[in-house]
Amino acid sequence: MDKYCLTVTCESKRGIVAAIAGYLAHNGCNITDSSQFDDTQTGNFFMRVSFSSEEGIGLDTLRNGFADTGEAFGMDFAFHDESRKMKVIIMVSRFGHCLNDLLYRWRIGALPVDIVAVISNHLDYQKPVVNHDIPFHYIKVTKENKREAEAQQMRIVEETGAELVVLARYMQVLSDEMSEKMSGRIINIHHSFLPSFKGANPYKQAFERGVKLIGATSHYVTADLDEGPIIEQDTVRVTHAQSPSDYVSLGRDVESQVLARAIHAHIRRRVFLNGNKTVVFPASPGSYASERMG
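When we follow the UniProt record's numbering, the leftmost residue of the sequence shown carries the number 1, and every step to the right adds one.
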């Protein structure tokens, strides 16, 4: 059986869930997982439905047939093939912990994506990337060539058909133009849990303030640096006995986990933009299962 999912965003109205369930049942589909959220503050409704097509009706037929229902409720909707892997580009600078973690998860099937390229402004990780049979693109970035460098990056995005760009500790600020053009399609890992600690060395700032929790935040990239809609966060406890370098080491583990979870949520179509915030639905049963163990 073909496994699909349907994502819906619209104004909250009576009868939406019934209409969706009725349409899928009428077309020989069985719902296997469903999540919904009614935002009473904004009046917006969000829903994600996983289902199997038990009578072999294809995705295009289901999508076209749903048009009338979507129009009746003013829905922004999309049907997705859950077996199709999203094309992803990873961008990295000189900190490789997130990149290496993603490559491992990808290799064992825990992160079911198609990594079509890795882009870096340094050559540090060229060999491990090429060893994974993934195209590596070295694009040097300076103040003088930033516009041309981003044009090269966008050409790679367009040529590969990449649907998502992951900034895996890519230590360059993207231009407003690129952020807007790729809105909702660039995920960053910010190595700080608290937005008050910004810049290149938030762990040092946290140490100097004597915090008891450090962590990481993964968010969509916007023109406002490190202030895009948050997808995932996590923390680890520290004490007065830890040094700034301890903070960095502990933070690396959290960063890797938070970024991987954010990507997983995005590629499984579990994240919905809701103004400056996000709605992130729980993972469907079995969606974290790996194809192999090592």
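Virtual Cβ for every residue (Gly too), placed ideally from N, Cα, C.
Please read all numbers here as calculations on a predicted model, not as lab measurements.
How about residue i and residue j: are their beta carbons less than 8 Å apart?
{"i": "V88", "j": "L164", "result": "yes"}
{"i": "V113", "j": "M86", "result": "yes"}
{"i": "N274", "j": "D2", "result": "no"}
{"i": "F37", "j": "F46", "result": "yes"}
{"i": "A216", "j": "H240", "result": "no"}
{"i": "P229", "j": "K181", "result": "no"}
{"i": "I57", "j": "I90", "result": "no"}
{"i": "L59", "j": "D33", "result": "no"}
{"i": "M154", "j": "M171", "result": "no"}
{"i": "S287", "j": "R269", "result": "no"}
{"i": "F66", "j": "F77", "result": "yes"}
{"i": "V141", "j": "A149", "result": "yes"}
By Cβ distance, which residues of its chain are closer than 7 Å to residue i, with the 5 residues on each side in sequence left out?
{"i": "V248", "result": "Y203"}
{"i": "R185", "result": "E163, L164, V165"}
{"i": "H122", "result": "S93, R94"}
{"i": "Q257", "result": "D234"}
Shortest alpha-carbon distance to residue i belongs to which of the options?
{"i": "L250", "options": "A265, A262, L213, F281", "result": "L213"}
{"i": "H266", "options": "R14, G15, N201, L111", "result": "L111"}
{"i": "S243", "options": "A206, S34, Y125", "result": "A206"}
{"i": "T61", "options": "L99, Y4, R269", "result": "Y4"}
{"i": "E255", "options": "R48, Q152, G96, F136", "result": "G96"}
{"i": "G210", "options": "G58, Q233, R237, L103", "result": "R237"}
{"i": "N100", "options": "A283, R269, L259", "result": "L259"}
{"i": "S245", "options": "R147, D33, V141, N201", "result": "N201"}
{"i": "K13", "options": "G43, N27, Y23", "result": "G43"}
{"i": "D176", "options": "K146, F193, L102, V157", "result": "K146"}
{"i": "L102", "options": "F197, I189, P285, E227", "result": "I189"}
Whole angstroms is fine: what's the gap from residue i's alpha carbon to residue j's?
{"i": "I134", "j": "C29", "result": "37 Å"}
{"i": "T69", "j": "I20", "result": "8 Å"}
{"i": "L174", "j": "S120", "result": "13 Å"}
{"i": "A168", "j": "F79", "result": "29 Å"}
{"i": "I16", "j": "E159", "result": "38 Å"}
{"i": "R252", "j": "N131", "result": "23 Å"}
{"i": "A223", "j": "K143", "result": "18 Å"}
{"i": "F193", "j": "S83", "result": "33 Å"}
{"i": "N27", "j": "A283", "result": "25 Å"}
{"i": "R107", "j": "S53", "result": "29 Å"}
{"i": "Y23", "j": "R105", "result": "36 Å"}
{"i": "E208", "j": "S183", "result": "35 Å"}
Cutting at 6 Å between CB atoms, please list the residues of its own chain near residue i, excluding the five before and the five after it.
{"i": "V279", "result": "F37, F46, F272"}
{"i": "M75", "result": "V8, C10"}
{"i": "S35", "result": "R48, F281"}
{"i": "L6", "result": "V49, F79"}
Once the 5 residues before and after residue i are set aside, which same chain residues still bring their CB inside 8 Å of it?
{"i": "Q126", "result": "S120, F136, Y138"}
{"i": "I187", "result": "L164, V165, V166, L167, S218, H219, Y220, V221, I231, L259, A262, I263, H266"}
{"i": "V118", "result": "I89, I90, M91, V92, L99, Y125, V129, I134, P135, F136, H137"}
Going along the chain, which unbroken runs of the alpha helix (DSSP H) with 4 or more residues stay wholly within the stretch 79-161?
97-108, 126-131, 146-160
Which whole runs of the alpha helix (DSSP H) in the stretch 163-215 are 4 residues long or more, in chain order?
176-181, 202-209
Along the chain, which unbroken stretches of the alpha helix (DSSP H) at least 4 residues long are found entirely within the stretch 37-83?
59-65, 67-73
Any chance you could list the beta strand (DSSP E) runs of at least 3 consecutive residues sitting entirely within the stretch 229-287, in chain order?
230-237, 271-274, 277-280
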